[in-house]
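The sequence shown lines up with residues 1 to 349 when you count with full-length UniProt numbering.
No residue lacks a Cβ here, since even glycine has one placed at the ideal position from N, Cα and C.
Quantities reported herein were computed from a predicted structural model and do not represent experimental measurements.
Below: one structure, written as structure tokens.
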Amino acid sequence: MKAAVWYGKKDLRVEEREEKPLKDDEVKVRVGWAGICGSDLHEYEEGPVFVPNEEKDELTGEQAPLTMGHEFAGVVEEVGANVKNVKKGDRVAINPTLTHGDKPEDVDIYDGFSFIGLHGDGGFTKYANVPEENAYLLPESMTLQDGALVEPTAVAVQAIKEADMSFGDTVAVFGVGPIGLATILAAKAAGATRIIALDLSEKRLQKAAEVGATDVINSGEKDPVEAVHELESDGVDTAFEVAGVEPTFNQAISVTKARGTMVIVSIFSKAIEWNPMQLTGSGVKLTSTIAYSPSTFQRTIDLIGTGQLNPRGIITDEIKLDDIVDKGFEALSNDKSQAKILVELSGEK
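In structure tokens, the structure reads:
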């Protein structure tokens, strides 16, 4: 079967790979759609970041070269001998997070985690084997495309939970790529009355307005801190840093009101310089999030299934697996109007 396999920086190959034997606790998923994530792009442009290159990953037992893709959904083709709650024909979204599973879920991921599709073979292929507990049933109201959007949307839902937002809060989102756009959607669903989107790309800002931002600011044309304070003189209740660079990190704190909260959502590819007195002098609380808990993943499915969240607006292109390098990874690297690109594997809806 064809698969998009990571070999190294700027070395992603679509090639033939053998199907893996199914373990007793696994289900084989016929992948319908898979999304290209910012984390995937980091691996392509700068990797290895997460991909185990020198030795096998502790939780997956795998190492590069490996099939990428951790945002995917499909139909169960086969189940292992010990599988009880999933059956052939079920439509599922995959929670790619693997943990040791020996702590409460809100801290479990911080005790060490791996990702299907980053630390081991994932969903940019026809069939993917995943543990039963990582396959979440989709309601009839959701398509497999919706299912492929659950994972990035769950990141945003978890970020909103970490912010401890209240109805009527004001929000600033720095960086409106796919996760930034999903954060806007989640903040709107959580009751934010003003959502300020900041980015350097006019096309991304236009997309941010389409999905729910009430105000957009081009950080290359206006001083972002001054511009936010013109809209909210005391600052916003919560700022989300979703760009992963030093300037936006400092700006996100500067636009947050006294005793407000700044949430780090992005992955930083390198260290930054920062003075903690920026917090001490303002009382701003700094927190961070990576991935999501199992309950957040399920709640995200529930929110999309009921229509309270509709992430389809973040999709900017749909491509075939054969085109994943040129029309997928290279497009995301070079065209900032692109947000979420979905890869069609089986074409099933």
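Q. Taking buried to mean at least 16 other C-beta atoms within 10 Å of its own C-beta, is M277 buried or exposed?
A. Numbered from its first residue, the sequence shown carries residue 277 at position 277. Burial call: exposed.
Q) Where does W33 land, buried or exposed, given buried means 16+ other C-beta within 10 angstroms? A) As a working mapping, residue 33 is identified with position 33 in the sequence shown. Residue burial annotation: W33 is buried, with at least 16 other C-beta atoms found within 10 angstroms of its C-beta.
Q | Beta-carbon proximity of W6 to E43, cut-off 8 Å | A | Numbered from its first residue, the sequence shown carries residue 6 at position 6. Numbered from its first residue, the sequence shown carries residue 43 at position 43. Closer than 8 Å, so yes.
Q | Sufficient close CB pairs (3 or more, under 8 Å) joining the stretch 77-89 to the stretch 97-106 | A | With a cut-off of 8 Å, the stretch 97-106 and the stretch 77-89 do not count as touching, because too few Cβ pairs lie within range.
**Q.** For L22 and Q206, the rounded distance between their alpha carbons
**A.** Numbered from 1 along the sequence shown, position 206 holds the residue referred to as residue 206. Numbered from 1 along the sequence shown, position 22 holds the residue referred to as residue 22. Taking the Cα positions, Q206 is about 45 Å away from L22.
(Q) Distance check for K320 and A156, CA to CA, integer angstroms please. (A) Taking the sequence shown and counting its residues from 1, the one referred to as residue 156 is at position 156. Taking the sequence shown and counting its residues from 1, the one referred to as residue 320 is at position 320. Taking the straight line joining both Cα atoms gives about 27 Å.
Q: In the DSSP assignment, find the unbroken alpha helix (DSSP H) run with S39 in it and report its ends.
A: Position 39 of the sequence shown holds residue 39. Judged by DSSP secondary structure, S39 falls within the alpha helix (DSSP H) whose first and last residues are G38 to E46.
Q. DSSP on V317, reduced to helix/strand/coil?
A. Translated into the one-based positions of the sequence shown, residue 317 becomes position 317. Looking at the sequence provided, one finds Asp at residue 317 rather than Val. In the structure shown, D317 sits in a strand (DSSP, three-state: E or B).
Q: State yes or no: is the beta carbon of K88 nearer than 8 Å to at least one beta carbon in chain D?
A: Protein chain content of the structure displayed is limited to a single chain, and chain D is not contained in it.
Q: Have a look at K20 and I264 and give me their C-alpha separation to the nearest angstrom.
A: Position 20 of the sequence shown, counting from 1, holds the residue named residue 20. Position 264 of the sequence shown, counting from 1, holds the residue named residue 264. In this structure, the alpha-carbon of K20 lies about 37 Å from that of I264.
Q. Buried or exposed: which applies to G151, given that a residue is buried once 16 or more other Cβ atoms fall within 10 Å of its Cβ?
A. If you number the sequence shown from 1, residue 151 lands on position 151. Note on identity: in this sequence residue 151 is Glu, with Gly being the wrong assignment. Residue burial annotation: E151 is buried, with at least 16 other C-beta atoms found within 10 angstroms of its C-beta.
Q.
Taking 8 Å as the threshold (C-beta atoms), are T60 and G120 in contact?
A. Your numbering for residue 120 matches position 120 in the sequence shown. Your numbering for residue 60 matches position 60 in the sequence shown. Going by C-beta atoms, G120 is nearer than 8 Å to T60.
(Q) Going by the DSSP bridge assignment, what does S114 pair with across the sheet? (A) Residue numbering aside, residue 114 sits at position 114 when the sequence shown is read from its first letter. Beta-bridge pairing links S114 to L98.
Q.
Can you tell me whether L185 is helix, strand or coil according to DSSP?
A. The residue labelled residue 185 in the question sits at position 185 within the sequence shown. Correct three-state label for L185: helix.
Q: Please list, in chain order, all residues of the same chain as R13 whose beta carbon is under 7 Å from its beta carbon, the five residues on each side excluded.
A: Translated into positions along the sequence shown, residue 13 becomes position 13. The residues are V5 and Y7.
Q.
Is the separation between the beta-carbon of S266 and that of V242 shorter than 8 Å?
A. As a working mapping, residue 266 is identified with position 266 in the sequence shown. As a working mapping, residue 242 is identified with position 242 in the sequence shown. Annotated as proximal: S266 and V242, with beta-carbon spacing under 8 Å.
Q: Return helix, strand or coil for N129, following the three-state DSSP convention.
A: Against the sequence shown, residue 129 aligns to sequence position 129. Correct three-state label for N129: strand.
(Q) Under DSSP, the alpha helix (DSSP H) around V255 begins and ends at which residues? (A) The residue labelled residue 255 in the question sits at position 255 within the sequence shown. V255: not part of any alpha helix (DSSP H); DSSP gives it neither H nor E.
Q. G123 and I94: beta carbons closer than 8 Å?
A. Taking the sequence shown and counting its residues from 1, the one referred to as residue 123 is at position 123. Taking the sequence shown and counting its residues from 1, the one referred to as residue 94 is at position 94. Less than 8 Å divides the Cβ of G123 from the Cβ of I94.
Q: Using three-state DSSP, classify L279 as helix, strand or coil.
A: Position 279 of the sequence shown, counted from the start, is the residue given in the question as residue 279. In this structure, L279 counts as helix in the three-state DSSP scheme.
Q) Taking G172 as the reference, which of A209, L137, C37 and Q145 has the closest Cα? A) By one-based count along the sequence shown, residue 172 stands at place 172. With the sequence shown as reference, residue 172 is identified as Ala, and Gly is not the correct amino acid for it. For the residues A209, L137, C37 and Q145, the minimum Cα distance to A172 belongs to A209.
Q | F297, enclosing alpha helix (DSSP H) - first and last residue | A | Position 297 of the sequence shown holds residue 297. Segment P294 to G305, the alpha helix (DSSP H) holding F297.
Q: Go through its chain and collect everything with a Cβ distance to G327's Cβ below 6 Å, but skip five positions before and after it.
A: The residue given as residue 327 occupies position 327 in the sequence shown. Checking the sequence shown, residue 327 turns out to be Lys, not Gly. The beta carbon of K327 sits closer than 6 Å to those of I319, all from its chain and outside the five residues before and after it, given in chain order.
(Q) Can you look up R17 in the DSSP assignment and give me helix, strand or coil? (A) Numbered from its first residue, the sequence shown carries residue 17 at position 17. Three-state result, R17: coil.
Q) Under a Cβ-count criterion, where at least 16 other Cβ atoms within 10 Å of its own Cβ denotes burial, should T289 be classed as buried or exposed? A) The sequence position of residue 289 within the sequence shown is 289, counting from 1. Buried, by the Cβ-count rule.
Q: Leaving aside the five residues before and after L200 along the sequence, list all residues of the same chain whose C-beta is less than 8 Å from its C-beta, in chain order.
A: Sequence index remark: in the sequence shown, residue 200 carries index 200 (1-based). Hits under 8 Å: N218, S219, G220 and K336.
Q. With a CB to CB cut of under 7 Å and the five nearest residues on each side skipped, what residues in its chain are close to L181?
A. Position 181 of the sequence shown, counted from the start, is the residue given in the question as residue 181. Excluding positions up to five away in sequence, the list reads K207, A208, V211, I314 and A339.
Q) For L332 versus L41, is the C-beta distance shorter than 8 Å? A) Here residue 332 refers to the residue found at position 332 when the sequence shown is read from its first residue. Here residue 41 refers to the residue found at position 41 when the sequence shown is read from its first residue. In this structure, L332 lies near L41, with their beta-carbon atoms less than 8 Å apart.
Q | Between the CA atoms of S295 and Q308 - distance to the nearest angstrom | A | Taking the sequence shown and counting its residues from 1, the one referred to as residue 308 is at position 308. Taking the sequence shown and counting its residues from 1, the one referred to as residue 295 is at position 295. Taking the straight line joining both Cα atoms gives about 17 Å.
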